[in-house]
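Notes for the one structure printed next.
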Amino acid sequence: MKKPIIIDTDPGKDDAIALAMALYSEDIDIKLITTVAGNVSLKKVSYNALRLLKYLEREDIPIAMGACRPLINPYKDRFNEDASSIHGESGLGDFEFEEPEKEPLEINAIDAMREVILESEVKVTILALGPLTNLAILFKAFPEVKENIEEIIFMGGSINRGNLGVMTEFNIGTDPEAAKIVIDSGLKVTMVGLDIGNKARIFLKDLEELKDYNKSTRLTYSLFKDYKGMDKESAIKVYDSTAIAYLLKPDIFKLEYTYVDVELRGQYTLGCTIVDLDNRLEEKPNIYVCTDIDEDEFRKYFLDSLKNCI
Ligand code: BDR
Ligand code: CA
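First residue of the sequence shown? That's 264 in the working numbering, and the numbers climb one at a time after it.
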């Protein structure tokens, strides 16, 4: 039986490719996609989600719009930036999509998640690819949903260094309070952080070779051909795809059950994830953290998954 899942996302170039991989996986049934302000504004990421589903021919999946700003501070206030320098003003570069026909649901993401979770006969897995604002609101407003959640897998945080601040990863740094609520939720939570994304490299030549294979490979090549974070070897970081890979192919990851906290104050470290692998704080483990990935296996899996899409 296919696993029922909800994807909470802020597309975003890497979100877009993670979505393509998820949409055509035979192991999961995407019940709902929810959007959250992150890479770009809520309006833009929601429009992007609609455009993606139209392009990828999966307009049967409902989209619900969630939080337009983090829990405590206004959007962009803390670090005074979104991620449009990486993802383009629209969030999806200049790829030309057709206009979507569908609209988001009339109910908001929190109510939509609640409905899907409570109505599901099988416990629902949540894959979070953006700031964790929607999930934090969901758990505070409707704690009863927790009983029917299998697990939360989020892309975000970092064991070592950051990409928003020196030590702070973008998704967690954008809404640190929300991340803390999710990490402390008592649910089975797995963090697939920046360190994993930095290791899971895809090369531009891989995408170039595959670009005419199908619509998804064409989209991937177009989104990443001028990727700003490319290193000397033209390696691309497809962060959000590592979280979907963890869900679908966990055997290529190393995992530790450990204590993680989020820095909520700090002159330089706001939003930094404290991953206490050596148990210096003498706290009980609270979440699973991916500590390593088989880079070659991931690359193969990533490219095969794209080939399996339309
Ligand atoms: C995360 O931040 C966003 O820019 C990406 O979409 C990804 O979810 C990486 O730090
Ligand atoms: Ca994202």
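Using N, Cα and C, we set each Cβ at its ideal position, and we do this for glycine too.
Which partner residues of residue i appear in the DSSP bridge assignment?
| i | result |
| --- | --- |
| P267 | D292 |
| T453 | I416, Y551 |
| M493 | Its beta-bridge partners do not exist; DSSP assigns none. |
| I537 | D524 |
| A498 | F466 |
| L518 | C553 |
| I326 | I296 |
| T272 | T298 |
Tell me which residues share the same chain as residue i and place their Cβ nearer than 6 Å to its Cβ, disregarding the 5 neighbours each side in the sequence.
| i | result |
| --- | --- |
| L527 | P439 |
| D278 | T272, L392, D503 |
| G425 | T431, E432 |
| A442 | L395, I435, V525 |
| R377 | F405, V408 |
| T532 | M430, E526 |
Applying the 10 Å Cβ sphere with the 16-neighbour rule, what's the burial state of residue i?
| i | result |
| --- | --- |
| S348 | exposed |
| Y520 | exposed |
| P267 | buried |
| R464 | buried |
| L540 | exposed |
| G428 | buried |
| K547 | exposed |
| I459 | buried |
| M264 | exposed |
| K570 | exposed |
| G301 | buried |
| P274 | buried |
| G534 | buried |
Cutting at 7 Å between CB atoms, please list the residues of its own chain near residue i, excluding the five before and the five after it.
| i | result |
| --- | --- |
| A404 | I373 |
| I550 | I446, V452, T453, M454, V523 |
| K276 | H350, L355, G356, L486, F487 |
| Y509 | I416, T453, V455, F516, C553 |
| E320 | I573 |
Report the rounded CA-to-CA distance for residue i versus residue j, giving the unit in angstroms.
| i | j | result |
| --- | --- | --- |
| V308 | T298 | 7 Å |
| E472 | L381 | 44 Å |
| C553 | K478 | 31 Å |
| M493 | K306 | 28 Å |
| L368 | M284 | 23 Å |
| M328 | I370 | 8 Å |
| A421 | T536 | Reading off the sequence shown, one finds Ser at residue 421, where the question assumed Ala. Taking the straight line joining both Cα atoms gives about 6 Å. |
| D514 | E560 | 10 Å |
| S497 | E384 | 45 Å |
| R543 | N423 | 16 Å |
| L398 | D292 | 19 Å |
| Y287 | Q530 | 43 Å |
| E366 | Y310 | 9 Å |
| L467 | E364 | 32 Å |
| G419 | L457 | 6 Å |
| L574 | E322 | Because the chain spans 264 through 573 in this model, residue 574 falls outside it and cannot be assessed. |
| I324 | E361 | 17 Å |
| T250 | D555 | This structure leaves residue 250 out entirely; the chain is present only between 264 and 573. |
Among residues of its own chain, excluding the 5 on either side of residue i, which ones have a beta-carbon nearer than 8 Å to its beta-carbon?
| i | result |
| --- | --- |
| R481 | K474, D475 |
Chain C beta carbons: is any one of them nearer than 7 Å to that of residue i?
| i | result |
| --- | --- |
| K386 | No chain C is part of this structure, which consists of one protein chain only. |
**Request:** Go through the region 359-432 residue by residue and report every complete run of the alpha helix (DSSP H) that reaches 4 residues or more, in order.
**Result:** 372-382, 396-404
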